[in-house]
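Chemist:
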Amino acid sequence: MGSEFGRTVRKLREQHGVSQQVLADLAGISRRWLVEIEAGTEPKLPHAIRLAEELAALVPEVQATDLLASCSAHLARRADIMTKVKRRRFIKYLSAVSGVAVIDGERLESVLAGLGPPDDRAIDDLEAISRGLVDEYWTRGPITVFPMVQGHLDGLRSMLASAERTELRRRLLRVLSETATLSGWLAFRLQARRDAEDFWALATAWADEAGDGPLRAYALIARTNLLSATWRDGEGGNAVAAIALLDAAASVMGPHSSPLRRAWLYARRAEEHAIRGVRRACETDLERAARALAEAEGCVEDGFLRSWDQAQLAGYRGNCAQLLGRWQEAISILDETLPNIPPTMLNQRAAVLTNLAAAHSQEGQDGVEQACGLLRQALDIAGPARLVAAQQRIAGVRQRRLRPFTRMPAVQQLDEQLRSWTTPS
Numbered sequence: 116m117g118s119e120f121g122r123t124v125r126k127l128r129e130q131h132g133v134s135q136q137v138l139a140d141l142a143g144i145s146r147r148w149l150v151e152i153e154a155g156t157e158p159k160l161p162h163a164i165r166l167a168e169e170l171a172a173l174v175p176e177v178q179a180t181d182l183l184a185s186c187s188a189h190l191a192r193r194a195d196i197m198t199k200v201k202r203r204r205f206i207k208y209l210s211a212v213s214g215v216a217v218i219d220g221e222r223l224e225s226v227l228a229g230l231g232p233p234d235d236r237a238i239d240d241l242e243a244i245s246r247g248l249v250d251e252y253w254t255r256g257p258i259t260v261f262p263m264v265q266g267h268l269d270g271l272r273s274m275l276a277s278a279e280r281t282e283l284r285r286r287l288l289r290v291l292s293e294t295a296t297l298s299g300w301l302a303f304r305l306q307a308r309r310d311a312e313d314f315w316a317l318a319t320a321w322a323d324e325a326g327d328g329p330l331r332a333y334a335l336i337a338r339t340n341l342l343s344a345t346w347r348d349g350e351g352g353n354a355v356a357a358i359a360l361l362d363a364a365a366s367v368m369g370p371h372s373s374p375l376r377r378a379w380l381y382a383r384r385a386e387e388h389a390i391r392g393v394r395r396a397c398e399t400d401l402e403r404a405a406r407a408l409a410e411a412e413g414c415v416e417d418g419f420l421r422s423w424d425q426a427q428l429a430g431y432r433g434n435c436a437q438l439l440g441r442w443q444e445a446i447s448i449l450d451e452t453l454p455n456i457p458p459t460m461l462n463q464r465a466a467v468l469t470n471l472a473a474a475h476s477q478e479g480q481d482g483v484e485q486a487c488g489l490l491r492q493a494l495d496i497a498g499p500a501r502l503v504a505a506q507q508r509i510a511g512v513r514q515r516r517l518r519p520f521t522r523m524p525a526v527q528q529l530d531e532q533l534r535s536w537t538t539p540s
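Going by my numbering, the sequence shown wraps up at 540, each residue one higher than the last.
Structure representation (structure tokens):
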């Protein structure tokens, strides 16, 4: 009966300290209607589904499908059908946006619904979808990609309990770890830093369970961004802690891991040395990154580092130069790099434009107009794409580097554009 659903909702809500107003707001219904449902009125199907999904999101041990089963028989049947339709649509949607034609959609749907154990074919399809979502990360805004990756991660987690074969479970853990790292990146781009920290911690734990050192290193390298001052124009952060984490990543990665992963690690560590002003260590790591990248020629890398190339390394090299105050060298490197970055690579292009602006700002008044023009270009990318971390980085360069020139028209134009894209810190 509908009354059973309402009683279950109220019991769970009260046990976990969720107010009626909060749950009603999350489910998109009025508090008065929730009061009636909890008092025994049978809810409309869409409202029952939303209430079940929101409670399941707030209370990890609750399954939305179990809650919906407490509805009246005909409503529960309709809810089950709607859940299946939503799952089927989501699989098709993921396949479409990631450019993957899932070989056996019905089989994958059954596995995600917990109606059958995962198999190698299902993992193959999920790995392919993960790779496609990485491409979406690079070329679309995080606000668009995040829900897709979250849905994908939830589906993967639901399969873990039924993955009994050791090697199959290990494969699933690897996909989970990679997807959690990607989720962390998306959260970080939106500056949901606590969420990013949680996702990267999950990624590390799953990599450990899979016994995969390179995957653990991948998550650790990503986590260093939470400690880094590179996102604050060289101010704040904890470069010593970031370097320690990168050293730990290097030790678990091993000398025979992916050369692209080693190149990324060395380039990130070079940035932290640059922040500390340790020029020799910075140059040593940049040389190591260049050697690793040369080793990678002809290698095929799946996932996040598939797009890592000479332009990426040049971007790191230019940023290191400007962090060390070698602005003329930075301008030369980044000017040459910018045309090699496709307009579709939103994150990378916004970063290089901002770093180039930071370098020009070190010219003093002569570089102000150029710096402002570059920051406005970066904001034209970061604003519409909701790259919140990039927006804050742009604002940081403006505040730190251009404060003495606030009265100049170019700076005032930049300020006006920044105000139009203001995002809470």
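All residues carry an ideal CB built from backbone N, CA and C; glycine is no exception. These numbers were taken from a predicted model, which means no experiment stands behind them.
Where R376 and A243 are concerned, what is the direct C-alpha to C-alpha distance, given to the nearest angstrom?
Modeler: Distance between the alpha carbons of R376 and A243 is about 20 Å.
Chemist: Could you name the residues of the same chain whose beta carbon sits closer than 8 Å to that of E350, not counting the 5 residues immediately before and after it, in chain order?
Modeler: Cβ within range, chain order: A344, G511 and R515.
Chemist: On the premise that R146 lies in contact with Q135, defined as a C-beta separation below 8 Å, what is that separation, rounded to the nearest angstrom?
Modeler: Between R146 and Q135 the Cβ distance is about 5 Å, and since that is below 8 Å, they are a contact.
Chemist: Candidates F314, A307 and E251: which alpha carbon is nearest L461's?
Modeler: It is E251.
Chemist: For the pair the stretch 275-284 and the stretch 312-320, tell me if three or more CB-CB distances fall below 8 Å.
Modeler: Touching, no.
Chemist: Hey, R141 and E169: beta-carbon distance below 8 Å or not?
Modeler: Per the sequence presented here, residue 141 reads as Leu, with Arg not at that position. It is a contact, given that the beta carbons lie within the stated cut-off.
Chemist: Please list, in chain order, all residues of the same chain as L529 whose beta carbon is under 7 Å from its beta carbon, the five residues on each side excluded.
Modeler: Closer than 7 Å at the Cβ level, and outside the excluded window around L529, lie C487, L490, R491 and R513.
Chemist: Could you check whether the stretch 499-510 touches the stretch 285-295, counting it as contact only if at least three pairs of C-beta atoms, one from each stretch, sit closer than 8 Å?
Modeler: They do not touch, by the three-pair rule.
Chemist: What is the DSSP secondary structure of K159, counted as helix, strand or coil?
Modeler: Here K159 sits in coil by DSSP.
Chemist: Suppose the cutoff is 8 Å on Cβ atoms and the five residues either side in sequence are ignored; what does the same chain contact list for E451 look like?
Modeler: Excluding residues within five positions, the ones whose Cβ falls inside 8 Å are A429.
Chemist: Would you call T400 buried or exposed, if buried means 16 or more other Cβ atoms sit within 10 Å of its Cβ?
Modeler: At residue 400 the sequence reads Asp, which differs from the Thr that was named. Buried, because 16 or more other Cβ atoms sit within 10 Å of the Cβ of D400.
Chemist: Is the Cβ-Cβ distance between L63 and Q532 less than 8 Å?
Modeler: Residue coverage of the chain in this structure runs from 116 to 540, which leaves residue 63 outside it and unanswerable.
Chemist: Alpha helix (DSSP H) containing A344: first to last residue?
Modeler: Segment: none, A344 is in no alpha helix (DSSP H) and carries neither H nor E.
Chemist: May I ask you to report which of helix, strand or coil DSSP gives A194?
Modeler: Residue confidence for A194 is low, a pLDDT of 46 falling below 50, so the modelled location carries little weight; the figure read from the coordinates is stated next. In the structure shown, A194 sits in a helix (DSSP, three-state: H, G or I).
Chemist: Measuring CB to CB, does L317 end up less than 8 Å from A363?
Modeler: Taking 8 Å as the Cβ cut-off, L317 and A363 do not qualify as a contacting pair.
Chemist: Counting along the chain, where does the alpha helix (DSSP H) carrying Q532 start and finish?
Modeler: Looking at the DSSP string, the run of the alpha helix (DSSP H) that includes Q532 is P524 to S535.
Chemist: Could you check if S245 is buried or exposed, using at least 16 other CB atoms within 10 Å of its CB as the buried criterion?
Modeler: With 16 or more Cβ atoms within 10 Å of its Cβ, S245 is classed as buried.
Chemist: Taking DSSP as the reference, what is the three-state secondary structure of H131?
Modeler: Note: H131 maps to coil in three-state DSSP.
Chemist: Quick check on DSSP: helix, strand or coil for N353?
Modeler: The answer is coil: DSSP assigns N353 none of H, G, I, E or B.
Chemist: What does the alpha-carbon distance come out to for the pair P519 and I509?
Modeler: C-alpha separation (whole angstroms): 16 Å.
Chemist: Work out the CA separation of G352 and G535 for me, nearest whole Å.
Modeler: The residue asked about is misnamed: residue 535 is Ser in this sequence, not Gly. The alpha-carbon atoms of S535 and G352 are separated by roughly 27 Å.
Chemist: Between which two residues does the alpha helix (DSSP H) harbouring G488 extend?
Modeler: Note, G488: alpha helix (DSSP H), V483 to A497.
Chemist: Let's see if you can read the secondary structure: which residues bound the alpha helix (DSSP H) around V260?
Modeler: Per DSSP, V260 belongs to the alpha helix (DSSP H) from P257 to L275.
Chemist: Should A436 and E387 be called a contact, given that it needs their Cβ atoms to be closer than 8 Å?
Modeler: No, they are not a contact pair.
Chemist: K201 by DSSP, collapsed to three states: which one?
Modeler: For K201, the predicted model reports a pLDDT of 49, less than 50, meaning its position is unreliable and no value from the coordinates is stated.
Chemist: Would you kindly work out how many angstroms separate the C-alpha atoms of A389 and D269, rounded to a whole number?
Modeler: Their backbone Cα atoms lie some 39 Å apart in a straight line.
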